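Trainee: If you read the protein sequences in the order shown, they are chains A and B. Position 40 of the first sequence, counting from 1, maps to 43 under my numbering, and the rest follow consecutively. Position 290 of the second sequence, counting from 1, maps to 1300 under my numbering, and the rest follow consecutively. Here it is, the structure in full.
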Amino acid sequence: MNLMERLPRLEQVINYRDLVGEYPLLLAVRVLASAGLLWMGTLWFGFHDPQQSLITEYARGYYPAFDPATYDYVVGGFLAGFGLYLYTLLLRPWNRLVLFAIVAWMGWYFFGPYVAYQTENYVRYADPWLAQERASLWFGHATMLVFGSSLGLGAYGIWRRRTLPITLSVILAIAVGYLHTGESVQTLEGGVRYGLGFLIYIELSLAALKYEAYVLQFQPAGASGSLLSEGEVGRVRATLASLMGHYGVHLAIMLGLTALLGGIILEINTWVARYTSGRIAESFELDSLYGIVFTAMVAFLLLGVLRMFAGPDYELDES
Amino acid sequence: MWSRKATALAGCGAFLALSGLVLLNYLFISVGIVMLSFLFLASFLNLWMPRVTIERTTSSDNIFEDGELEVSFTLRNRGLLGGFVEIYDEVPPQARLARGSNYTLLYLKGRQEVSFAYTVQVPLRGHYHLGPVRLRVKDAFDLFYNERHEPALEPFSVFPRIEGLESEILGGKNPKLYQGAMPIYSIGEGSQFYSLREFLPGDSMRKVNWKALARTGRMMVNETERENIIDIYMLLDARGVSGVGTPTNNPLEMCCRAAASFADQLLRSRNNIALTVYGSRTATVHLGRGETQLFRILTALADAKAEGELPLKLVIQDLLPYIPSGSPIILFSALDNDPSLAEAFTLALTRGYALTVVSPSSIDLEAATGRIPAGPETVARMERENMVTELRGWGVHIGDWKPGEPVNMALAGAQR
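Dropping the structure here:
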């Protein structure tokens, strides 16, 4: 038996079929959802600068040199989540081997200088401070992961096809926003863009999950492939294409309408103030954030009333 | 109706908008307002949801074990506009999906009609139903939906599997000789004239029709109509103890398959068959023949459940007054846990009934699950062998039937 034959096949090392999937459309949606997540993260954390966060203040108490680069953790967090997903694809014993290698490498990285210092009796070339410095550096990286955890969970949820991490990623993003200590911003260009970033991420990631669940029913539990014949796979592919085509059109139209409505609600106060003068233009209701929320509530009230009289109130013919 | 996603989105949007006010965070407010705008606009999509009617048909009302039942759906959108439709048809937990799926998600265009089908396999006999169907019409984002339960159930029965038997089961000692009753249009031993045919080597000279010989100058023999119709009584043991083993492989299931195979062959031979199932009570299918009788027997077999502990002696005592003398009785039982067996057999044999027993070995079923220690298993096997030998000594035809063997093996054992 030659060496090539003794090497394990790729499918014995990693369940790569889970990553690629059987339907290219689903892979495309997952990629789009990941792009949506990165966009949302970039917008959200671009606004909530980590340099002005309570987390950073706390971390600097222990490690004064802590300096989180603004966008590093967005990409880092995403890669950490995606890496975790890739790790779950590794099959036994390779996953154990990788875990062992990571633990061993980290042990050597942190404790290697100490061990060398202690074991070399005469030639004390090893520097114990190097270990301390490395530990401090890692403390900084680990703290940055707190900022990136939202992205990490989102990436893991999208690729691992789990709803809970996606939900947690949204909650964590809001929590990180809560810990922001920067100065309040009164005006902002294109606030709608931020909302749409959130919506696109939520919608695409949940749509990927929904359509994945639709095709998973044809796959036996625990198996990486389906039991369908080529003809049946073709029919499922056609159904998926139809469903996702209609979904895409609906999403584009709805996002357009949402941008329009959200933009009107957020900007109407500014327009009114611009075209009026005196007490109205300078009024608190138009100038402040309270005014925007008040306008939004009125707009939603009107929409609610309109909806009351517009539709059949979810009735279907009983057959 | 609101979905969980819509509720979460509404909660998140309101929380962000109000938190933004508290923290004076414009980003929170704008994200919250955009989320709520999306939700309010999506609620208007409900106005264009399709009006769907659904119709379900099945390929058959009854199937045999491991047979396939095809379920077809036709969906019609009576509305002008399209929408997303989700359908879930409940299938019995014992059923396996052979092809297609009982769940589907599709986009229905206005006035469109769509059909889809799935196939189920049910490995276990019994009475089942399909449905109810859950139909959900929803928007593209799963925010709002209308759900409807179609209460119409589609009942179907799964009959025990019938195996083709390679040899005739049995003949009665006393052929039934009702005068002019039940003509069976087949040639055989009997007293009624059926037709004339030319003499063949081996024919008895007593059958030669001398008048025909005189008239035609050729040797002709009389053929008679077959008259060996007999009344056969089948007894099926459905006591609780007969459920030992796995759901698909236990004495009761084996007995049901054997009884169905026996009934099929006996009815094809135009005999009269009756079936009594005893367990917690007795259920009887009275004497009858033909395909309708087979259907009745299969339905009764599909209905049999392992419960109760009615002794065989009581059942025999109840039945004997109604069984014509000399009729064969076939008992399908593992012969477990019934102290009245000896008395019951004595009762039947002393009155001249021909008794045949098809007995699946429950010890082998138990042994297959690995629940019996080696010692008690050996003792139980010896006890069973002794019982079988003793019953054969009494003149009972007994087929000792091992799990996994075809019904033919049981029949061969009974014919020894």
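Cβ atoms here follow ideal geometry from the backbone N, Cα and C, with glycine treated the same way. All values derive from a computational prediction rather than experimental measurement.
Report the residue ranges of all beta strand (DSSP E) runs contained in full by the region 201 to 250 of chain A; include only those spanning at least 3 residues, in chain order.
Mentor: Segments of the beta strand (DSSP E) lying fully in the region 201 to 250 of chain A: there are none.
Trainee: Can you tell me whether B:Lys-1148 is buried or exposed, with buried defined as 16 or more other CB within 10 angstroms of its CB?
Mentor: Answer is buried; the Cβ neighbour count reaches 16.
Trainee: List, in order along the chain, the chain B residues whose C-beta lies closer than 8 Å to that of A:Val-195?
Mentor: The contacting residues are Ser-1040 and Val-1044.
Trainee: Return the residue from the list B:Val-1287, B:Arg-1291 and B:Ala-1316 that minimises the CA-CA distance to B:Arg-1306.
Mentor: Out of B:Val-1287, B:Arg-1291 and B:Ala-1316, B:Val-1287 has the C-alpha closest to the C-alpha of B:Arg-1306.
Trainee: Could you pull out every unbroken alpha helix (DSSP H) segment of at least 4 residues lying fully inside the region 1384 to 1426 of chain B, listed in chain order?
Mentor: Segments of the alpha helix (DSSP H) lying fully in the region 1384 to 1426 of chain B: 1384 to 1404 and 1417 to 1425.
Trainee: Quick one: list the residues of chain A neighbouring B:Tyr-1117, beta-carbon separation under 8 Å, in chain order.
Mentor: The contacting residues are Ser-245, Leu-246 and His-249.
Trainee: With a threshold of 16 other CB atoms inside 10 Å of the CB of B:Gln-1303, please say whether the residue is buried or exposed.
Mentor: It counts as buried.
Trainee: So, with DSSP's three-state summary, where would you put B:Asn-1056?
Mentor: In this structure, B:Asn-1056 counts as helix in the three-state DSSP scheme.
Trainee: Using a Cβ-Cβ distance cut-off of 8 Å, determine whether B:Gly-1120 contacts chain A.
Mentor: For B:Gly-1120, the answer is no, since every Cβ of chain A falls outside 8 Å of its Cβ.
Trainee: Taking just the CA atoms, how far does B:Ser-1053 sit from A:Arg-310?
Mentor: Distance between the alpha carbons of A:Arg-310 and B:Ser-1053 is about 8 Å.
Trainee: Output the distance between the C-alpha atoms of B:His-1407 and B:Ala-1358, rounded to the nearest integer angstrom.
Mentor: Looking at the two C-alpha atoms, the distance is approximately 13 Å.
Trainee: So which residues on chain B does A:Tyr-293 lean against when the C-beta distance must stay under 9 Å?
Mentor: Correct list: Leu-1031.
Trainee: Have a look at B:Thr-1063 and B:Asp-1152 and give me their C-alpha separation to the nearest angstrom.
Mentor: Taking the straight line from one Cα to the other gives about 21 Å.
Trainee: Distance check for A:Gly-86 and A:Glu-136, CA to CA, integer angstroms please.
Mentor: Going by the C-alpha atoms only, they are around 26 Å apart.
Trainee: Could you check whether A:Leu-264 and B:Leu-1051 sit closer than 8 Å to each other, using their CB atoms as the reference points?
Mentor: Yes, Cβ-Cβ distance for B:Leu-1051 and A:Leu-264 is below 8 Å.
Trainee: Does the region 1365 to 1372 of chain B touch the region 1319 to 1335 of chain B, meaning 3 or more C-beta pairs lie closer than 8 Å?
Mentor: No, they do not touch.
Trainee: Name the chain A residues that come within less than 9 Å of B:Phe-1151, Cβ to Cβ?
Mentor: Those are Glu-206, Leu-209, Ala-210, Tyr-250, His-253, Leu-254 and Met-257, listed as they occur along chain A.
Trainee: Could you check if B:Ala-1016 is buried or exposed, using at least 16 other CB atoms within 10 Å of its CB as the buried criterion?
Mentor: By the 10 Å Cβ count, B:Ala-1016 comes out buried.
Trainee: Run down chain B in chain order and give the residues with a C-beta less than 7 Å from the C-beta of A:Tyr-217.
Mentor: Chain B residues near A:Tyr-217: Leu-1115.
Trainee: Assess, as a yes-or-no matter, whether the region 248 to 264 of chain A is touched by the region 1019 to 1038 of chain B under the definition of 3 or more beta carbon pairs within less than 8 Å.
Mentor: Contact fails: fewer than three Cβ-Cβ distances are below 8 Å.
Trainee: Looking only at its chain, what residues have a beta carbon closer than 8 Å to the beta carbon of A:Gly-80, apart from the 5 residues adjacent to it on each side?
Mentor: Counting only Cβ-Cβ distances below 8 Å, and skipping sequence neighbours, we find Gly-44, Leu-148, Phe-150, Gly-151, Ser-152, Ser-153, Leu-154, Gly-155 and Ala-158.
Trainee: Would you identify the three-state DSSP class for B:Thr-1068, choosing helix, strand or coil?
Mentor: DSSP places B:Thr-1068 in strand when its eight states are reduced to three.
Trainee: Report the neighbours of A:Gln-220 on chain B: residues whose CB is nearer than 8 Å to its CB, in chain order.
Mentor: Result: Ser-1111 and Tyr-1113.
Trainee: Please give the ranges of any beta strand (DSSP E) in the region 1210 to 1249 of chain B, keeping only runs that are unbroken, at least 3 residues long and fully inside the region.
Mentor: With a minimum length of 3 residues, the continuous beta strand (DSSP E) runs that stay inside the region 1210 to 1249 of chain B are 1230 to 1234 and 1241 to 1247.
Trainee: Taking only the alpha-carbon atoms, compute the straight-line gap between B:Leu-1187 and B:Arg-1280 and give it to the nearest angstrom.
Mentor: For B:Leu-1187, the predicted model reports a pLDDT of 38, less than 50, meaning its position is unreliable and no value from the coordinates is stated.
Trainee: So if I threshold CB-CB distances at 7 Å, which residues from the region 295 to 309 of chain A count as touching chain B?
Mentor: Taking 7 Å as the Cβ-Cβ cut-off against chain B, the residues of the region 295 to 309 of chain A that qualify are Ile-295, Val-296, Ala-299, Phe-303 and Leu-306.
Trainee: In chain order, what residues of the same chain have a beta carbon less than 8 Å from the beta carbon of A:Ala-36, not counting five sequence neighbours either side?
Mentor: Ile-161, Tyr-204, Leu-207, Ser-208, Ala-210 and Ala-211.
Trainee: Mind pulling the chain D residues with CB within less than 7 Å of A:Ile-169?
Mentor: The structure shown contains no chain D; its protein chains are A and B.
Trainee: Tell me which residues share the same chain as B:Gly-1190 and place their Cβ nearer than 8 Å to its Cβ, disregarding the 5 neighbours each side in the sequence.
Mentor: Annotation note: pLDDT 32 at B:Gly-1190 (below 50); position unreliable, coordinate value reported separately. No residues qualify anywhere along the chain.
Trainee: Is B:Thr-1366 helix, strand or coil when you go by DSSP?
Mentor: Three-state result, B:Thr-1366: strand.
Trainee: Under 8 Å Cβ-Cβ, which residues of chain B neighbour A:Ile-203?
Mentor: Those do not exist, as A:Ile-203 stays about 11 Å from chain B at its closest Cβ, beyond 8 Å.
Trainee: Under three-state DSSP, which class holds B:Met-1192?
Mentor: Residue placement at B:Met-1192 is poorly supported in this model, since its pLDDT is 49, which falls under 50; the coordinates still yield a value, given next. Looking at B:Met-1192 - three-state DSSP - the assignment turns out to be coil, as it is neither helix nor strand.
Trainee: Could you please give me the residues that DSSP links to B:Gln-1131 through a beta bridge?
Mentor: The partner list for B:Gln-1131 (beta bridge, DSSP) reads B:Glu-1078 and B:Arg-1106.
Trainee: Residues bridged to B:Arg-1207 by DSSP?
Mentor: B:Val-1231.
Trainee: Between the alpha carbons of B:Asn-1282 and B:Glu-1393, how many angstroms are there, rounded?
Mentor: When rounded, the distance between both Cα atoms is 35 Å.
Trainee: Just to confirm, are A:Tyr-197 and A:Leu-289 a CB contact at a threshold of 8 Å?
Mentor: Not closer than 8 Å, so no.
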